[in-house]
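One structure below.
There are 2 protein chains.
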Amino acid sequence: MAHTIARPVNQQQTIRLAVIDDDSGFVTVLAKRTEVAGWQQRTLAGAIPLEELVAMKLNALLVDPTVLGGDAWAYLERVCGMLPDLGVVVCTGRSTVAQRVRGLRLGIDDWITKPCHPEEAIARLEAVSRRRRRARPQAEAGPVIAGELEIRADRFQAYVGEVSLDLTRREFELLQLLADSPGQVLEREAIYQRVWGYAMAHGDRSVDVFIRKLRQKLEKLSPSWSYIHTHFGVGYRFDPEPADGTAVVPPSASQGQSDIDPTPAPEAFTVA
Amino acid sequence: MAHTIARPVNQQQTIRLAVIDDDSGFVTVLAKRTEVAGWQQRTLAGAIPLEELVAMKLNALLVDPTVLGGDAWAYLERVCGMLPDLGVVVCTGRSTVAQRVRGLRLGIDDWITKPCHPEEAIARLEAVSRRRRRARPQAEAGPVIAGELEIRADRFQAYVGEVSLDLTRREFELLQLLADSPGQVLEREAIYQRVWGYAMAHGDRSVDVFIRKLRQKLEKLSPSWSYIHTHFGVGYRFDPEPADGTAVVPPSASQGQSDIDPTPAPEAFTVA
DNA sequence: CGACGTGTGAAAATCCTGTGAAAGCAGGTA
DNA sequence: TACCTGCTTTCACAGGATTTTCACACGTCG
Numbered sequence: 001m002a003h004t005i006a007r008p009v010n011q012q013q014t015i016r017l018a019v020i021d022d023d024s025g026f027v028t029v030l031a032k033r034t035e036v037a038g039w040q041q042r043t044l045a046g047a048i049p050l051e052e053l054v055a056m057k058l059n060a061l062l063v064d065p066t067v068l069g070g071d072a073w074a075y076l077e078r079v080c081g082m083l084p085d086l087g088v089v090v091c092t093g094r095s096t097v098a099q100r101v102r103g104l105r106l107g108i109d110d111w112i113t114k115p116c117h118p119e120e121a122i123a124r125l126e127a128v129s130r131r132r133r134r135a136r137p138q139a140e141a142g143p144v145i146a147g148e149l150e151i152r153a154d155r156f157q158a159y160v161g162e163v164s165l166d167l168t169r170r171e172f173e174l175l176q177l178l179a180d181s182p183g184q185v186l187e188r189e190a191i192y193q194r195v196w197g198y199a200m201a202h203g204d205r206s207v208d209v210f211i212r213k214l215r216q217k218l219e220k221l222s223p224s225w226s227y228i229h230t231h232f233g234v235g236y237r238f239d240p241e242p243a244d245g246t247a248v249v250p251p252s253a254s255q256g257q258s259d260i261d262p263t264p265a266p267e268a269f270t271v272a
Numbered sequence: 001m002a003h004t005i006a007r008p009v010n011q012q013q014t015i016r017l018a019v020i021d022d023d024s025g026f027v028t029v030l031a032k033r034t035e036v037a038g039w040q041q042r043t044l045a046g047a048i049p050l051e052e053l054v055a056m057k058l059n060a061l062l063v064d065p066t067v068l069g070g071d072a073w074a075y076l077e078r079v080c081g082m083l084p085d086l087g088v089v090v091c092t093g094r095s096t097v098a099q100r101v102r103g104l105r106l107g108i109d110d111w112i113t114k115p116c117h118p119e120e121a122i123a124r125l126e127a128v129s130r131r132r133r134r135a136r137p138q139a140e141a142g143p144v145i146a147g148e149l150e151i152r153a154d155r156f157q158a159y160v161g162e163v164s165l166d167l168t169r170r171e172f173e174l175l176q177l178l179a180d181s182p183g184q185v186l187e188r189e190a191i192y193q194r195v196w197g198y199a200m201a202h203g204d205r206s207v208d209v210f211i212r213k214l215r216q217k218l219e220k221l222s223p224s225w226s227y228i229h230t231h232f233g234v235g236y237r238f239d240p241e242p243a244d245g246t247a248v249v250p251p252s253a254s255q256g257q258s259d260i261d262p263t264p265a266p267e268a269f270t271v272a
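So the protein lines, in turn, are chains A and B.
Position one of the first sequence corresponds to residue 1 (this note's numbering), numbered consecutively onward.
Position one of the second sequence corresponds to residue 1 (this note's numbering), numbered consecutively onward.
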């Protein structure tokens with residue numbers, strides 16, 4: 001055996017990135033690129049409480065320590081200690097070897113020097129979270145709750161109460177993808193691209209078929225809720241709501257999206 | 001090192017490093033420093049067969065691609081694909097952003113530019129191979145009990161009552177891995193990667209074969225329990241349950257991070 | 001009222017796993 | 001060295017499970 005196969009399967013899982021930097025130009029360019037790549041990016045103004053960072057379930061953090069102020073290193077050390085799965089990349093202007101070594105020893109994963117090309121920053125963030133992900137294979141991953149539904153990534157399965165939905169792998173991945181961005185309308189092409197891993201051929205109905213299967217299984221075990229909504233001409237939206245149609249925006253709105261509101265989903269398109 | 005640095009003691013494991021570079025001065029200095037740090041370093045003259053690299057059980061690899069010749073990148077890609085746990089750092093002279101991005105995308109973990117301070121190279125190598133924080137080895141001296149099964153890591157063997165299952169080394173390692181995360185579905189690739197130590201080639205059925213052997217031996221001595229469950233299209237799950245199908249292990253949340261609160265998954269993570 | 005996008009059921013094509021057995025290896029023995 | 005022995009890897013095939021494809025009914029939109 002040995003050699004053979006160059007497996008292209010770069011399972012590009014969506015990366016959650018937070019950026020702490022005040023160079024708005026850089027941040028903007030970065031945001032544009034990461035969005036294309038399907039990452040979820042968020043910009044932070046400065047140091048925020050550790051609990052909030054934890055709650056964000058990030059994969060990667062890009063930070064310019066000067067924005068953090070004087071105790072930047074103490075802060076970053078705590079971050080690294082607290083979140084062993086988080087890839088931390090420091091991006092800074094001029095720096096000495098000693099500083100860099102100290103930073104890396106603290107737990108920083110990579111250190112880039114400004115000015116730096118956004119593409120390289122992205123590549124390094126990617127590399128860093130690739131490594132982090134491998135280090136701890138899906139350890140945490142608390143179950144996601146949506147309506148009566150409980151999605152457990154560690155079991156590749158969803159449950160209503162104790163009963164399994166008996167999802168196949170594809171069904172599960174689709175559900176997981178949808179449930180990962182509740183309230184967001186995802187286009188078919190995007191869904192296909194992310195679940196199947198390659199571009200959707202024109203006229204392919206696979207997504208529709210799997211949506212149907214999901215709906216059937218959901219309906220069977222949780223008939224009083226509707227989870228997946230169709231947006232004509234666009235795609236689908238995951239939003240658990242009781243049968244009577246009352247939208248239940250869970251109090252989870254607590255800290256999630258403080259800055260930008262989650263796409264107010266043009267109700268004109270909504271199909272009950 | 002004379003001036004000791006307050007480093008997080010958590011991962012003081014000795015690192016096995018291989019260096020592929022012809023800058024003898026640099027290599028020598030590096031060797032001196034790593035030796036003080038207690039690393040095991042080995043210098044290679046150039047590309048060597050993948051099998052040999054695998055056999056070295058390295059943690060980190062520092063390489064100057066110019067020493068590898070023309071197909072350096074193809075080689076490194078294969079190395080990274082084969083050994084996902086190996087930290088690979090490229091150290092090269094002048095390079096373009098595009099080159100660096102390409103390298104990082106191939107699987108390289110970090111890229112340093114010469115001339116570089118050895119201390120920084122070491123810090124980066126360390127950062128790149130910093131991962132297994134779990135002191136698994138003999139920490140849990142107590143035998144693991146699962147159903148009628150008793151797994152004794154100290155003997156590399158499992159028993160039902162006083163009778164040994166007569167597991168071979170691989171069989172035992174596989175069983176131990178599975179039993180280490182009861183209730184979790186482990187993918188074949190992950191299993192292979194952790195038991196065999198390198199990436200699974202496409203189409204390799206070794207895992208299946210060993211699962212069968214395990215099942216046979218388990219069935220023979222503990223016929224009234226079923227331990228290993230298949231998840232179609234995914235992998236296997238270890239979950240001891242009596243023949244009648246009653247699950248015994250309550251869905252205890254993963255015990256991994258005690259500190260991380262099972263936060264109700266604040267899902268809305270808006271794309272900025 | 002069309003044109004087009006979506007829901008549906010079922011057949012067809014694929015892929016996945018269990019299995020038995022042969023071939024390849026490494027280590028010990030005569 | 002030649003041989004034996006137990007372990008690991010590789011192969012080929014059968015039976016199922018899953019995924020894809022198709023044709024058609026139905027809804028939505030302009």
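Note that CB positions come from ideal geometry on N, CA and C, so glycine has one too.
Note that the structure is a prediction, hence the values are computed from the model and not measured.
6 Å CB neighbourhood of residue i in its chain, flanking five on each side removed
{"i": "E148/A", "result": "V160, S222 and W225"}
{"i": "E273/A", "result": "Residue 273/A cannot be examined here, being either before or after the span of chain A that is shown, 1 to 272."}
{"i": "R152/B", "result": "P143"}
Where residue i sits in the DSSP three-state scheme
{"i": "A74/B", "result": "helix"}
{"i": "C91/B", "result": "strand"}
{"i": "A179/A", "result": "helix"}
{"i": "R133/B", "result": "In this prediction, R133/B scores a pLDDT of 46, lower than 50, which makes its location untrustworthy; no coordinate-derived value is stated."}
{"i": "Y304/B", "result": "Chain B is shown from 1 up to 272; residue 304/B falls before or after that span and cannot be answered."}
{"i": "Q40/B", "result": "strand"}
{"i": "Y192/B", "result": "helix"}
{"i": "Q13/A", "result": "coil"}
{"i": "L83/B", "result": "coil"}
{"i": "R152/B", "result": "strand"}
{"i": "I112/B", "result": "strand"}
{"i": "P242/B", "result": "strand"}
{"i": "E187/B", "result": "strand"}
{"i": "S206/B", "result": "helix"}
{"i": "S24/A", "result": "helix"}
{"i": "T230/B", "result": "strand"}
{"i": "I211/A", "result": "helix"}
Own chain residues within Cβ distance below 8 Å of residue i, not counting five before or after
{"i": "P251/B", "result": "Reliability of the predicted coordinates at P251/B is poor, the pLDDT of 47 falling under 50, and the value obtained from them is presented with this limitation in mind. These residues qualify, in order along the chain: G183."}
{"i": "K217/A", "result": "L165, D166, L167 and E171"}
{"i": "R134/B", "result": "Low local confidence applies: a pLDDT of 40 at R134/B is under 50, so the model's placement there is unreliable, with the coordinate-based value given in what follows. Excluding positions up to five away in sequence, the list is empty."}
{"i": "A190/B", "result": "G235"}
Residue i: contacting residues in chain A (beta-carbon distance under 8 Å)
{"i": "I112/B", "result": "Under the 8 Å cutoff, chain A gives no residues; its nearest Cβ is about 10 Å from I112/B."}
{"i": "D180/B", "result": "Result: empty, since nearest Cβ-Cβ is about 11 Å, beyond 8 Å."}
{"i": "P84/B", "result": "R134"}
Contact set between residue i and chain B, taken where Cβ atoms lie within less than 7 Å
{"i": "R78/A", "result": "Ordered by position in chain B, no residue passes the 7 Å Cβ test against R78/A, which lies about 12 Å from the chain."}
{"i": "L177/A", "result": "Near L177/A there are no residues of chain B at all, since even the closest Cβ is about 13 Å away, more than 7 Å."}
{"i": "D23/A", "result": "Correct list: empty, because the minimum Cβ distance to chain B is about 15 Å."}
{"i": "F156/A", "result": "V185, H231 and V234"}
{"i": "H117/A", "result": "V97"}
{"i": "E120/A", "result": "V97, R100 and V101"}
Presumed contact (8 Å Cβ cut-off) between residue i and residue j, rounded CB distance
{"i": "L174/A", "j": "F210/A", "result": "5 Å"}
{"i": "V27/B", "j": "V19/B", "result": "6 Å"}
{"i": "L83/B", "j": "L53/B", "result": "7 Å"}
{"i": "V89/B", "j": "D109/B", "result": "6 Å"}
{"i": "L106/A", "j": "L76/A", "result": "6 Å"}
{"i": "T96/A", "j": "T66/A", "result": "15 Å between Cβ atoms; not a contact."}
{"i": "G87/A", "j": "V128/A", "result": "3 Å"}
{"i": "R132/A", "j": "D85/A", "result": "5 Å"}
Amino acids of chain A, ordered along the chain, whose beta-carbon sits closer than 9 Å to that of residue i
{"i": "F232/B", "result": "T168 and R169"}
{"i": "H229/B", "result": "Under the 9 Å cutoff, chain A gives no residues; its nearest Cβ is about 10 Å from H229/B."}
Contacts around residue i, its chain only, beta-carbon distance under 7 Å, and the 5 residues preceding and following it disregarded
{"i": "T14/B", "result": "G38, W39 and Q40"}
{"i": "K213/A", "result": "E171"}
{"i": "K114/A", "result": "C91, T92 and G93"}
{"i": "A286/B", "result": "Since the first and last residues shown for chain B are 1 and 272, residue 286/B lies out of range."}
{"i": "A47/B", "result": "L68 and Y75"}
Beta-carbon neighbours of residue i, restricted to chain A and to distances below 7 Å
{"i": "Q99/B", "result": "Neighbours of Q99/B on chain A: none; closest Cβ ~10 Å, over 7 Å."}
Closer than 8 Å at the beta carbon, the chain B residues around residue i
{"i": "I123/A", "result": "A small correction: the amino acid at residue 123/A is Ala; Ile does not occupy that position in the sequence shown. Within chain B, the residues near A123/A are R100, V101, L104 and R105."}
{"i": "I108/A", "result": "A127"}
{"i": "E187/A", "result": "Going along chain B, no residue has its Cβ under 8 Å from E187/A, so there is no contact; the nearest lies around 14 Å."}
{"i": "R131/A", "result": "G87, D109, V128 and R131"}
For this session: Would you check if there are 3 or more beta carbon pairs closer than 8 Å linking the segment 194–206 of chain A to the segment 118–127 of chain A?
Result: no
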